[in-house]
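All residue numbers for the sequence shown refer to the working numbering, where the first residue is 50 and numbers rise by one. Backbone N, C-alpha and C fix where the C-beta goes; we use that ideal spot for every residue, glycine too. Below you'll find the structure, written out as structure tokens, and then a few comments.
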Amino acid sequence: MTSKKPNQPVIARDINDLDLLNLQSKFFSELKKAGRSPNTLKNYKTDLDCFNQYLKDVQKSLDIKNFSIPQVQQYGNYLENRYNSDNSRRRRVQALRMFFDFLVQREVFPTNPVRKIPTSPKFLDIPRPTPFVDVKTLWEYLLDEANTKNKINRLLALRNQISLLLIFGGGLKVSDMAKLKTSRIFIDKKEGPRVMIEHPKRDSYTIPLPPVFTEIYELYIKELEAMKKRSGIEFEELLFNANPYRILSGGLSPRGLEIIFEDFRKKLMITLTPKSLRQACIFKWLHQGYSDNLIKEWMGVAPSYSMKLYKEHL
Numbered sequence: 050m051t052s053k054k055p056n057q058p059v060i061a062r063d064i065n066d067l068d069l070l071n072l073q074s075k076f077f078s079e080l081k082k083a084g085r086s087p088n089t090l091k092n093y094k095t096d097l098d099c100f101n102q103y104l105k106d107v108q109k110s111l112d113i114k115n116f117s118i119p120q121v122q123q124y125g126n127y128l129e130n131r132y133n134s135d136n137s138r139r140r141r142v143q144a145l146r147m148f149f150d151f152l153v154q155r156e157v158f159p160t161n162p163v164r165k166i167p168t169s170p171k172f173l174d175i176p177r178p179t180p181f182v183d184v185k186t187l188w189e190y191l192l193d194e195a196n197t198k199n200k201i202n203r204l205l206a207l208r209n210q211i212s213l214l215l216i217f218g219g220g221l222k223v224s225d226m227a228k229l230k231t232s233r234i235f236i237d238k239k240e241g242p243r244v245m246i247e248h249p250k251r252d253s254y255t256i257p258l259p260p261v262f263t264e265i266y267e268l269y270i271k272e273l274e275a276m277k278k279r280s281g282i283e284f285e286e287l288l289f290n291a292n293p294y295r296i297l298s299g300g301l302s303p304r305g306l307e308i309i310f311e312d313f314r315k316k317l318m319i320t321l322t323p324k325s326l327r328q329a330c331i332f333k334w335l336h337q338g339y340s341d342n343l344i345k346e347w348m349g350v351a352p353s354y355s356m357k358l359y360k361e362h363l
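As structure tokens, this is what we get:
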């Protein structure tokens, strides 16, 4: 067996198999057989579409037979320039790594060049919190939206108020909220409202929510129960998915939540994402004088997590 020089292009064993779009189609079929959800498959397709666009932009073709470590590094630079979100860059690198793992399994490539670089490059993630004026703009908009006689539209506005308060008031991630159950919300007149976060790898913990949450939550639950009965549906989740006429299901996917806030950002022309709202919450906690250890607990991160970037941008 001949040895390869470092960074030598990885030549496919069967050149005729290198129809990239066909290989990707087979890759998605394998993921579907493995039980991946339609939403997950859609995300992987989006991630690999980015790789395809890179090939078209840089080499004017979808030929990958000479794809090797230098091209992987070049693709990393392409992602760095194209996306501001660290998570978006990491996700696309991970999707490409999985795809090349599939090619190795099918004996199209002998090795995976994407595994020669870090799977999730650690980009410097400088906090970019939502300005308070934009939070206020969205809050006032949602209050106005709730002043309607249309019951489903009113309920949707209340749901979005709850979502905003959970992120900006409690620092929750969209993944925390997706399947959050109503039973994990605690209303105490003395201690105030709290939400319990359950994590598969560590103990559950609770996070305080702003006092205004109580009034909105009680109204929301009352109207939610009425609409569930009207829609002929039962579920335990706090949030829900709906069309203009009825509730469709309990729970709301992380991507679904992101889309809701994307729509607000475009409609109101404000600087706002779930991530930037959460960062604004963390800055708010720091300004309020809470200890680093308590904030880390509420963030759901390890005690070793560094708050340096937040404190440098206070």
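Cutoff 6 Å; reference residue i; Cβ partners in own chain excluding five residues on either side
i, result
"LYS357", "none"
"TYR269", "LEU207 and ILE211"
"MET245", "ARG233, SER253 and THR255"
"ASP150", "ASN161"
"ARG203", "ALA195 and THR197"
"ARG177", "SER325"
"PHE100", "LEU145"
"PHE332", "PRO178"
Assigned secondary structure, residue i (DSSP; H/G/I helix, E/B strand, else coil)
i, result
"GLU285", "coil"
"LYS171", "Bear in mind that a pLDDT of 49 at LYS171, under 50, signals an unreliable position, so the number given afterwards is only what the model happens to contain. Coil, per DSSP."
"SER78", "helix"
"SER86", "coil"
"LEU297", "strand"
"ALA275", "helix"
"PRO292", "The sequence given here has Asn at residue 292, not Pro. ASN292: coil per DSSP, three-state reduction."
"THR322", "coil"
"TYR93", "helix"
"PRO259", "coil"
"TYR354", "coil"
"ASP68", "coil"
Residue closest to residue i, alpha-carbon to alpha-carbon, out of the options
i, options, result
"GLN122", "LYS165, ARG233 and ASN136", "LYS165"
"ALA351", "PHE158, TYR254 and ALA329", "TYR254"
"GLN143", "TYR127, ARG243, VAL153 and TYR93", "TYR93"
"LEU288", "LEU301, PHE217 and PRO176", "LEU301"
"PRO242", "LYS277, ARG251, LYS230 and LEU258", "LEU258"
"LEU72", "GLU156, LYS360 and LYS239", "GLU156"
"ALA227", "LEU306, PRO293 and GLY125", "LEU306"
"GLU247", "GLY84, PRO260 and LYS222", "LYS222"
"LEU362", "LEU343, HIS336 and ILE344", "For clarity, residue 362 is His in the given sequence; the question names Leu instead. For the residues LEU343, HIS336 and ILE344, the minimum Cα distance to HIS362 belongs to HIS336."
"ILE319", "LYS185, ASN136, GLN154 and ASP135", "LYS185"
"MET276", "TYR359, ASN136 and ASN199", "ASN199"
C-beta contact flag for residue i and residue j at 7 Å
i, j, result
"ILE282", "ILE296", "yes"
"ARG131", "ASP96", "no"
"ILE265", "TRP347", "no"
"PHE76", "PHE181", "no"
"LEU145", "VAL163", "yes"
"ILE175", "LEU326", "no"
"LYS230", "GLU272", "no"
"SER224", "PRO303", "yes"
Cβ neighbours of residue i in the same chain (closer than 7 Å, five flanking residues each side left out)
i, result
"LEU321", "THR179, ASP183, LEU187, PHE310, PHE313 and ARG314"
"LEU80", "LEU90 and TYR93"
"PHE262", "LEU214, GLY218 and PRO242"
"ALA291", "ILE201, LEU205 and LEU297"
"GLY220", "ILE256, ARG327, CYS330, ILE331, TRP347 and MET348"
"THR168", "In this prediction, THR168 has a pLDDT of 48, which is less than 50 and means its spatial position is unreliable; what the coordinates show is noted afterwards. Same-chain partners within the cutoff: VAL142, GLN143 and ARG146."
Sequence-distant residues of the same chain with beta carbon closer than 8 Å to residue i, five excluded per side
i, result
"LYS171", "Low confidence applies here, because LYS171 scores a pLDDT of 49, under 50, leaving its location unreliable; read the following figure in that light. Excluding positions up to five away in sequence, the list is empty."
"LYS105", "LEU111"
Any non-hydrogen atom of the ligand FAD within 6 Å of residue i CB
i, result
"SER134", "Ligands are entirely absent from the displayed structure, and the ligand FAD is therefore not among its contents."
Give the list of continuous alpha helix (DSSP H) stretches no shorter than 4 residues that lie fully inside the segment 112-169. 118-131 and 135-154
Complete runs of the alpha helix (DSSP H) confined to the segment 168-248 [at least 4 residues]: 181-194, 200-213 and 223-226
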